[in-house]
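In this note's numbering, the protein residues as written are 730 to 1344.
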């Protein structure tokens, strides 16, 4: 059994539920088949298992360090990344013309999930690079793509995203990094940047020939002042090394590592404070300032950056799922092999009777079942979103707009729900291990630490809640909310007509939750005061997320129920496990939504009215 992810579960989600083999009917994917998809998944699983997972603990215990000149990273990281790049995985989803495999997004993400589960720290370097390249493919000029994207897809250059600043954090309107126009260049409008960026993952290392920073900064107007707020933000390519017209590396840019941040998890990823244009060592052309090239239009940088940010948000959700998933498999393996205690009931107190395995205790099964429901539900949600991306790319006109709206409303949930509940899966994995779970000799304590960062990465729960309730459910007069409701109602209808009592009950429960969610959403927006409406947006996000994941479980249960009828003894247990996890979610998890919706409907002001002086 893989300790990263169940291949059987992955194949169920991809082939039995999402029917990804049907994507080969789209011209872009016509060269593919289930055989080519499986081959790609095999490659990912093997490299992740053989080269990423073995140094996960070592890179946590021997985290990168900076001596003032160079960042030192354990050599296993580069060995693993070289194998990742050599296999072509950096460009797996790209066009053939870019050296890609033209894999569907859903298959690409399924394969890359192995790396998140095997070693989230090392996997950050290529995943950031893939997102960086995708942004530039969407918004960069042909010269920028040739100079920076192609080397990224070959694995020679790595990439980052540089948003936050020490004084601003998530409040991007308050960034102060400044970009002054210098003139035109073969790579577009050239600027000199000065400022500081904080929390920059993969911001400095020696793992690649170059690092391509995507940096948010503000361009001053004729009066020398920058436009306040997010409307004044522009986006720039700022490479670690300048690139000559023939593609060779030039002089070092004025980008300096000021220091490394030391986080509780993700320790294998360098996390940096970078100074742009404030170094005394690197001054291209003898002038102060980091050379940067404008991406897109001036003052439209945040719109461009959202291309990478939204991809990263779903990626954070997938990473959270996979940390929860590998933790669940470790806990399951431990529970199946650890003898402890005796059964409850007659004879259970006889000290001469043999001990039973942990998995035979009902409370252990409760914790394992909870983990299974969280991680398999979260994986289903993320792969569903990836499937929507494939459908959107192939669609035209109104159909494409509808798919884009669905992705918009699901993105904050796909990011935040796994970051909360797959972290809870890690918490339960530690509990299953008992005292051993808290020790560094076992892996589950690291999984928890690594996953604890995901509720913060790419926008906190609070930010995602404000985005969902404050923008996504009301945009275009609630069009995205209605579209999501239509899809959920279609699933409810199929379950109601299945003739199965359990599925029918689940359908009724989900229908009631969806109806109430709609009513409470209307109540919140009828309040007339945005402060009251949004005061408890994080609770709304959690309730909404549970409803969505219940839908994901009803979808899976429908497939499992149909398959069980014709399953042989060897495969029936898998489908029964799916149905049991669905039942758990509907019996134990979905009922949590009702009191949350009651609280929201009351327009409670407790948190809003609390005063600083009262703490």
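Each residue gets a CB set at the ideal place from its N, CA and C atoms; glycine is no exception.
Check whether residue i and residue j have beta carbons under 8 Å apart
i            : j            : result
residue 1028 : residue 960  : yes
residue 1213 : residue 1319 : no
residue 1275 : residue 1243 : no
residue 931  : residue 920  : no
residue 835  : residue 769  : no
residue 1231 : residue 1283 : no
residue 1215 : residue 1315 : no
residue 1303 : residue 737  : yes
residue 1121 : residue 860  : no
residue 997  : residue 1050 : no
residue 1171 : residue 1104 : no
residue 866  : residue 1112 : no
residue 1060 : residue 1128 : no
Neighbour flag for residue i against chain B, beta carbons, 8 Å
i            : result
residue 1098 : Structure shown: chain B not included; a single protein chain is present.
Straight-line Cα distance separating residue j from residue i
i            : j            : result
residue 846  : residue 1047 : 9 Å
residue 1167 : residue 1096 : 17 Å
residue 692  : residue 1330 : Here the chain comprises residues numbered 730 to 1344, so residue 692 is not present and cannot be evaluated.
residue 1043 : residue 1074 : 47 Å
residue 988  : residue 1011 : 16 Å
residue 891  : residue 1288 : 43 Å
residue 1221 : residue 747  : 17 Å
residue 842  : residue 946  : 32 Å
residue 1190 : residue 1184 : 6 Å
residue 912  : residue 1017 : 15 Å
residue 1063 : residue 739  : 22 Å
residue 895  : residue 955  : 19 Å
residue 1026 : residue 983  : 24 Å
residue 1177 : residue 1152 : 6 Å
residue 1006 : residue 981  : 12 Å
residue 1164 : residue 1054 : 21 Å
residue 1174 : residue 917  : 48 Å
residue 948  : residue 910  : 8 Å
residue 1147 : residue 958  : 31 Å
residue 805  : residue 1114 : 33 Å
residue 950  : residue 1317 : 57 Å
Beta-carbon proximity list for residue i, same chain, < 7 Å, skipping 5 on both sides
i            : result
residue 1179 : 849, 994, 995, 1052
residue 759  : 753
residue 1254 : 1203, 1262
residue 791  : 803
residue 1193 : 1141, 1144, 1145, 1270
residue 1021 : 908, 920, 922, 944, 965, 966, 967
residue 772  : 816
residue 1225 : 1233, 1236
residue 1124 : 1132
For residue i, three-class secondary structure by DSSP
i            : result
residue 1344 : coil
residue 919  : strand
residue 1067 : coil
residue 1356 : The first residue shown for the chain is 730 and the last is 1344, placing residue 1356 beyond what the model contains.
residue 1296 : coil
residue 947  : strand
residue 986  : strand
residue 1006 : coil
residue 1093 : helix
residue 1086 : strand
residue 1275 : helix
residue 794  : strand
residue 991  : coil
residue 1172 : coil
Extent of the continuous alpha helix (DSSP H) run through residue i
i            : result
residue 1140 : 1126-1162
residue 1022 : Run containing residue 1022: none in the alpha helix (DSSP H); it sits in the beta strand (DSSP E), 1019-1024.
residue 1262 : 1259-1263
residue 860  : 849-868
residue 894  : Per DSSP, residue 894 belongs to no alpha helix (DSSP H) and is neither H nor E.
residue 1217 : 1208-1225
residue 831  : Segment: none, residue 831 is in no alpha helix (DSSP H) and carries neither H nor E.
residue 999  : Counting along the chain, residue 999 falls outside any alpha helix (DSSP H), and DSSP gives it neither H nor E.
residue 953  : Element bounds for residue 953: n/a, residue is neither H nor E.
Same chain only: Cβ atoms within 6 Å of residue i, ignoring 5 sequence neighbours per side
i            : result
residue 1277 : 1142
residue 858  : 881, 887, 888
residue 985  : 1004, 1008
Opening and closing residue of the beta strand (DSSP E) in which residue i lies
i            : result
residue 1252 : First-last for residue 1252: 1230-1254, but that is the alpha helix (DSSP H), not the beta strand (DSSP E).
residue 905  : Run containing residue 905: none; DSSP gives neither H nor E here.
residue 965  : 962-968
residue 890  : 886-891
residue 978  : 978-981
Same chain only: Cβ atoms within 8 Å of residue i, ignoring 5 sequence neighbours per side
i            : result
residue 1067 : 1086, 1087
residue 978  : 938, 939, 970, 971, 972
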